[in-house]
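Here the structure comes first, spelled out in structure tokens, and everything after it is commentary.
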Amino acid sequence: MNTKLVSAISLALAMAACASVPQTNLALEKARSAVRSAEADPNVSVYAAVDLHTARDELDAAEAAAAAHNESGIDQPAYLAAQTARLAQLTASAKASDARVAAGKAARDQIQLNARTKEVDTALVARDQATQRAVSADAARDQATQQSAALQAELDALKAKPTDRGLVLTLGDVLFDTGKADLNPGAARNLDQLVQFLTDHAERRVEIDGFTDSVGADSYNLDLSQRRADTVKAVLVGRGIDSTRIVSRGYGKDFGVASNADSGGRQLNRRVEIVIGGIDGAPVAARSRS
Amino acid sequence: MNKPLSKLAQASLALAATTFALVAYASDHVAEAKIAVAKAAIEHAEQSGGPEAAPVQMAAARDKLALAEKANSKHDTKPAAAWADQANIDAQVAEATAAQVRASKAAIEFDAGLQTLRQEATRATQPTQ
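Just so you know, the sequences run in chain order F and B.
The first sequence begins at 1 in our numbering and counts up by one.
The second sequence begins at 1 in our numbering and counts up by one.
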């Protein structure tokens, strides 16, 4: 067929060369243009190769008729060639669009699958985080329980007694020499636990109250009780406790805890009480003399 | 010399007559067959959105079918077949035009939907502020 086409074209060229005025046929021009356009369309070779082949055959027939100067034989195959080439392009375009949508559906399904996977992942992460938070809460509660137990153990070690004003730790007069405000060297070591407690619980304030028995002048007793309280404060400050956390007061013979009628009761009354404030860091309320 | 020639001529004549009759018979049937094909193509195109997408092509197809039928009724078989061929291809072009418009529109709509989906997916992966 190619040989035929080539010879047909050669013949047409030869005839055109002979003719003084070149003959042009509008239908044939349209057919050539349409077939060229379809050939240049990449979709056509993929989706409408058969239509393109038919169009080429029709165009060949038209060219052959033109070459043979068979003017009446040109228009019909030329028209069919042009229309078939057009049909090829339309069909190929539609099929290409369909293919694009089909490919896009796969992409869409993948995106939707990814989104669903992500949702599931997010839900799993949220669940894990919730579990983690619950575990953390449990741990925090356990830690709080442990801290509470530890505090109780420390307070037990201090032999502190809970009162309206706070936890009260009583240091007996055996820590002081009679009539003196100096702490015995051995007694200073007994304050170790209190120092440790105040160091561990920097938010707590303390009040140190000094008391005497009723023997002697009130002014002397007031002064002695104040000096003994000051001594304990000085020891605590000397061990690194901030002085602003500590208040020292002397109350003399007041607020006795036992009778001054016998030596045993008087010994109980000669004492220093250390009142430990609450966790809120508020100052210890002053002792009321009501 | 004459006798054999006349015999040959007679044979040739008979063959030519038979051939002519066959061709005439065949072309008659070809035209009818092509008219039937063109009719079917037009009906199919009419049911596939051809009149809406390509009214000019459809009208041309119908006009050419009428010309084919008219020629065929006069036993003018060659133009009848030619008109039928043109009516057939015009109807196919009209139908293909409708299909192409539909497919193109669907693809554009699908692309827009896919684009929206992609944007949503991208947004979903970004941390919420």
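All C-beta atoms, glycine included, are put in the ideal place defined by N, C-alpha and C.
Euclidean distance between Cα positions of residue i and residue j
| i | j | result |
| --- | --- | --- |
| I241 of chain F | Q132 of chain F | 39 Å |
| K105 of chain B | V125 of chain F | 42 Å |
| P51 of chain B | I74 of chain F | 29 Å |
| E233 of chain F | Q147 of chain F | Looking at the sequence itself, residue 233 of chain F is Lys, so the reference to Glu does not match. Their Cα atoms are separated by approximately 27 Å. |
| T117 of chain F | A134 of chain F | 25 Å |
| L87 of chain F | Q92 of chain B | 7 Å |
| A94 of chain B | A103 of chain B | 14 Å |
| V44 of chain F | D128 of chain F | 56 Å |
| R204 of chain F | R266 of chain F | 31 Å |
| S93 of chain F | R108 of chain F | 22 Å |
| A130 of chain F | V284 of chain F | 42 Å |
| A103 of chain F | D57 of chain F | 34 Å |
| S243 of chain F | L171 of chain F | 20 Å |
| A181 of chain F | D230 of chain F | 9 Å |
| A155 of chain F | G277 of chain F | Ala is not the amino acid found at residue 155 of chain F; the sequence shown has Leu there. About 13 Å. |
| Q193 of chain F | E119 of chain F | 57 Å |
| R287 of chain F | A149 of chain F | 29 Å |
| A81 of chain F | A34 of chain F | 8 Å |
| S169 of chain F | V237 of chain F | Contrary to the premise, residue 169 of chain F reads as Leu rather than Ser in this sequence. Computed Cα separation, rounded: 18 Å. |
| S290 of chain F | R245 of chain F | Any reading at S290 of chain F is ruled out, since the residue's pLDDT is 48, under 50, leaving its predicted position unreliable. |
| S97 of chain F | Q115 of chain B | 16 Å |
| D51 of chain F | R118 of chain B | 37 Å |
| K70 of chain B | A80 of chain B | 8 Å |
| A85 of chain F | V37 of chain B | 19 Å |
| A54 of chain B | Q47 of chain B | 13 Å |
| H29 of chain B | A41 of chain B | 18 Å |
| L151 of chain F | R228 of chain F | 28 Å |
Element boundaries [beta strand (DSSP E), containing residue i]
| i | result |
| --- | --- |
| G210 of chain F | 206-211 |
| K161 of chain F | 161-163 |
| S248 of chain F | 246-250 |
| V284 of chain F | First-last for V284 of chain F: undefined, no H or E at that position. |
Residue i beta carbon near the ligand PLP (any heavy atom closer than 8 Å)
| i | result |
| --- | --- |
| R249 of chain F | As far as ligands go, the structure on display features none, and thus does not contain the ligand PLP. |
Beta-carbon separation (whole angstroms), residue i vs residue j, contact threshold 8 Å
| i | j | result |
| --- | --- | --- |
| R32 of chain F | L59 of chain F | 7 Å |
| L28 of chain F | A96 of chain B | That pair is no contact at about 23 Å. |
| A55 of chain F | A38 of chain F | 6 Å |
| D90 of chain B | Q83 of chain F | 7 Å |
| A258 of chain F | N269 of chain F | 6 Å |
| N132 of chain B | E43 of chain B | Since the first residue of chain B shown is 1 and the last is 129, residue 132 of chain B is not available in this structure. |
| A99 of chain B | A87 of chain B | With a Cβ gap of about 19 Å, A99 of chain B and A87 of chain B do not count as contacting. |
| V235 of chain F | L191 of chain F | 6 Å |
Assigned secondary structure, residue i (DSSP; H/G/I helix, E/B strand, else coil)
| i | result |
| --- | --- |
| L183 of chain F | strand |
| F110 of chain B | helix |
| L191 of chain F | coil |
| I35 of chain B | helix |
| T122 of chain B | helix |
| G166 of chain F | strand |
| F176 of chain F | strand |
Endpoints, the alpha helix (DSSP H) within which residue i is located
| i | result |
| --- | --- |
| E203 of chain F | Here E203 of chain F belongs to no alpha helix (DSSP H), and DSSP marks it neither H nor E. |
| R271 of chain F | Segment 271-276 is the beta strand (DSSP E) holding R271 of chain F; no alpha helix (DSSP H) there. |
| Q226 of chain F | 218-238 |
| N25 of chain F | Run containing N25 of chain F: none; DSSP gives neither H nor E here. |
| H53 of chain F | 49-67 |
| A61 of chain B | 55-73 |
- Task: Could you say if the segment 205-217 of chain F and the segment 260-279 of chain F meet the contact criterion of at least three C-beta pairs nearer than 8 Å?
- Result: Yes, the segment 205-217 of chain F touches the segment 260-279 of chain F.
- Query: Taking three-plus beta-carbon pairs below 8 Å as touching, is the segment 237-254 of chain F in contact with the segment 220-227 of chain F?
  - Reply: Contact between the segment 237-254 of chain F and the segment 220-227 of chain F is present, because at least three Cβ pairs lie under 8 Å.
- Query: Are the segment 63-73 of chain F and the segment 104-114 of chain F touching, with three or more C-beta to C-beta distances below 8 Å?
  - Reply: Contact between the segment 63-73 of chain F and the segment 104-114 of chain F is absent, because fewer than three Cβ pairs lie under 8 Å.
- Message: Using a Cβ distance threshold of 8 Å, determine whether the segment 110-125 of chain B contacts the segment 52-69 of chain B, with at least three qualifying pairs required.
- Response: No, the segment 110-125 of chain B does not touch the segment 52-69 of chain B.
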